[in-house]
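Let me begin by presenting the structure, written as structure tokens, before commenting on it.
Shown next, in the form of structure tokens:
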């Protein structure tokens with residue numbers, strides 16, 4: 008038997024011990040961790056492959072049947088996939104902010120265009136501002152498409168949202 012320490016915040020096993028006494032410090036952090044006593048063989052089960060069961064009382068290896076190296080590779084791939092999704096979400100929100108800012112910066116032009124069109128008796132100034140707004144929206148859509156097409160962490164980290 009072993010005592011596996013599962014961190015709720017990261018949904019992962021962060022360590023294992025042979026006796027409960029070795030984890031006595033856990034009493035101070037019970038809200039953040041779950042201590043589970045069960046069979047565990049570190050020669051066949053990679054700790055980061057362990058997942059909390061639905062009832063929250065045991066762990067299972069989501070990559071059972073794989074070698075340790077295969078389990079490590081599978082966990083690394085899952086981590087990268089998760090990081091890519093997180094980066095895309097954060098960069099999309101940042102990009103949306105820049106697009107919104109760019110559109111709001113046109114508010115003074117809209118006011119001026121309305122005044123000019125009223126004076127000139129046409130809609131040329133407003134048409135020009137609306138075309139500028141549409142160009143910003145299109146640049147934003149293009150930037151989002153480029154962002155969502157990225158497939159590596161490095162490319163996502165290098166993607167600049169400002170002045171999309």
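Numbering (the numbering used here), first residue to last: 8 to 171. Even glycine gets a Cβ: it sits at the ideal position worked out from N, Cα and C. Since we're looking at a predicted model, the values are computed, not measured.
For residue i, which of the options has the nearest alpha-carbon?
i: residue 64; options: 10, 75 and 99; result: 10
i: residue 102; options: 131, 148 and 136; result: 148
i: residue 159; options: 110, 54, 57 and 84; result: 84
i: residue 37; options: 97, 69 and 15; result: 15
i: residue 157; options: 92, 82, 122 and 31; result: 92
i: residue 66; options: 144, 33 and 48; result: 48
i: residue 135; options: 128, 124 and 145; result: 124
i: residue 24; options: 54, 89 and 73; result: 54
i: residue 108; options: 34, 144 and 33; result: 144
i: residue 18; options: 30, 86 and 34; result: 86
i: residue 62; options: 50, 43 and 161; result: 43
i: residue 146; options: 41, 26, 110 and 30; result: 110
Identify, in the order they occur along the chain, each residue of the same chain with its Cβ nearer than 8 Å to the Cβ of residue i, setting aside the five sequence neighbours on each side.
i: residue 164; result: 94
i: residue 3; result: Residue 3 cannot be examined here, being either before or after the span of the chain that is shown, 8 to 171.
Can you give me the Cβ contacts of residue i inside the same chain, cut-off strictly under 7 Å, excluding the 5 residues immediately before and after it?
i: residue 150; result: 102 and 171
i: residue 169; result: 105
Could you pull the DSSP bridge partners for residue i from this structure?
i: residue 23; result: 11
i: residue 44; result: 10
i: residue 67; result: 58
Leaving out the 5 sequence neighbours to the left and right, which residues in its chain are closer than 6 Å to residue i when beta-carbon positions are compared?
i: residue 21; result: 12 and 14
i: residue 78; result: 53, 56 and 70
Query raised in the report: Is it true that the region 102 to 118 meets the region 137 to 147, where meeting means three or more beta-carbon pairs spaced less than 8 Å apart?
Result: In short, these stretches touch, since the Cβ pair count reaches three.
Requested in this report: Give, in chain order, every unbroken run of the beta strand (DSSP E) that is at least 3 residues long and sits entirely within the region 72 to 133.
Outcome: The qualifying runs do not exist here; there are none.
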